[in-house]
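What follows is one structure encoded as structure tokens, with my remarks underneath.
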Amino acid sequence: MKNKYISVPLFFAAVSLVAGCRLEKEIDPERPEKFDLQAAEVQLMDTVTENITGEWKLSSVEYDIKYTNPNGSVKKDTIFTDFATLDIQYVSREESLRYPTVKGELQFGEKTYPVRFGMIANGERLVKKTGPQAFMLLEYAFPGPHVWQNDEIFFRDSGLINENYSILIAPDSRTMVWKGLNRDIKQIIFKRQ
Numbered sequence: 669m670k671n672k673y674i675s676v677p678l679f680f681a682a683v684s685l686v687a688g689c690r691l692e693k694e695i696d697p698e699r700p701e702k703f704d705l706q707a708a709e710v711q712l713m714d715t716v717t718e719n720i721t722g723e724w725k726l727s728s729v730e731y732d733i734k735y736t737n738p739n740g741s742v743k744k745d746t747i748f749t750d751f752a753t754l755d756i757q758y759v760s761r762e763e764s765l766r767y768p769t770v771k772g773e774l775q776f777g778e779k780t781y782p783v784r785f786g787m788i789a790n791g792e793r794l795v796k797k798t799g800p801q802a803f804m805l806l807e808y809a810f811p812g813p814h815v816w817q818n819d820e821i822f823f824r825d826s827g828l829i830n831e832n833y834s835i836l837i838a839p840d841s842r843t844m845v846w847k848g849l850n851r852d853i854k855q856i857i858f859k860r861q
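Going letter by letter, the sequence shown gives residues 669 to 861 in the numbering used here.
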């Protein structure tokens, strides 16, 4: 009689254990394919760096003022057309194939300003194949110590310089779009010269 009382609970425990087990296919049926993230970043940066060098016209610079900034150079929603020219002259991948450094010059009127930015691949682009290709911070690249002039401060205060952007280069490499991520620039549309 004692065995009967012990075997019944053991039977139910065994049945529930077997019923609770599922095959591996049932647990994770849509497992995404595995890929080498670093290799994917290098491949994406290969594509971007091949297409980014050259002379680009800032054909449209669109501001979307979210908060009034007393130091801001642009006070209300504005679109500038044929604003300036960005000449991207040099892309270095010596430090890292995954994080290229870009150097060039921004020409506004008769003045030229040295600029640089480092790029990082967009994870969404790597995994889902959507969104911008890279992110970066645009900043001045003056050699050595430099006292900023009023016109240089204008670009900083306008949100053009020292701003983070996402980068999307069109498949035909004739158009590039930078979307501002932190301040008042909504987007900059570049056309290849």
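Don't be surprised by glycine CBs; every beta carbon is placed ideally from N, CA and C.
Model, not experiment: these values are computed from the prediction.
Query raised in the report: Which residue comes first and which comes last in the alpha helix (DSSP H) that contains residue 791?
Result: 791-796
Practice task
Indicate whether residue 754 and residue 772 have their beta-carbon atoms separated by less than 8 Å.
Solution key: yes
- [ ] Kindly indicate which residue of 683, 832, 770 has the alpha-carbon position closest to the one of residue 716.
- [x] 770
Nearest chain D C-beta to residue 841 closer than 8 Å, yes or no? Among the protein chains of the structure shown there is no chain D, as only one such chain exists.
Residue closest to residue 721, alpha-carbon to alpha-carbon, out of 703, 822, 768: Nearest of 703, 822, 768 to residue 721, Cα basis: 768.
- Task: Identify whether residue 851 lies in helix, strand or coil by the three-state DSSP scheme.
- Result: coil
- Message: Let me check one thing: in DSSP terms, what residues is residue 834 bridge-paired to?
- Response: 803, 847
- Does the count of Cβ pairs from the region 743-762 and the region 719-733 closer than 8 Å reach three? The region 743-762, when compared against the region 719-733, does touch it at the 8 Å Cβ threshold.
What separation, rounded to the nearest whole angstrom, lies between the Cα atoms of residue 739 and residue 703? 47 Å
Fill in: Close-in-space but distant-in-sequence residues of the same chain around residue 682 (CB under 8 Å, 5 per side omitted)
none
Express the C-alpha separation of residue 801 and residue 823 in angstroms, rounding to a whole number.
Cα to Cα, the separation comes out at about 25 Å.
- Item | Outcome for residue 816 when other beta-carbon atoms lying within 10 angstroms are tallied against a minimum of 16 | exposed
Integer-rounded CB distance, given that residue 833 should sit under 8 Å from residue 806 = 6 Å
**Q.** Start and end residues, beta strand (DSSP E) containing residue 747
**A.** For residue 747, the enclosing beta strand (DSSP E) begins and ends at 746-749.
Problem - Element boundaries [beta strand (DSSP E), containing residue 648] - result: Any answer about residue 648 is impossible in this case: the structure gives the chain only from 669 up to 861.
What would DSSP say about residue 715, mapped onto helix, strand or coil? Helix.
- Among 791, 735, 756, which one has its Cα closest to the Cα of residue 774? 756
* Does the separation of the CB atoms of residue 710 and residue 766 fall below 8 Å? -> yes
Quiz item: From this set, 811, 841, 741, 826, which residue's C-alpha is nearest residue 848's C-alpha?
Solution: If we check each option's Cα against that of residue 848, 826 comes out closest.
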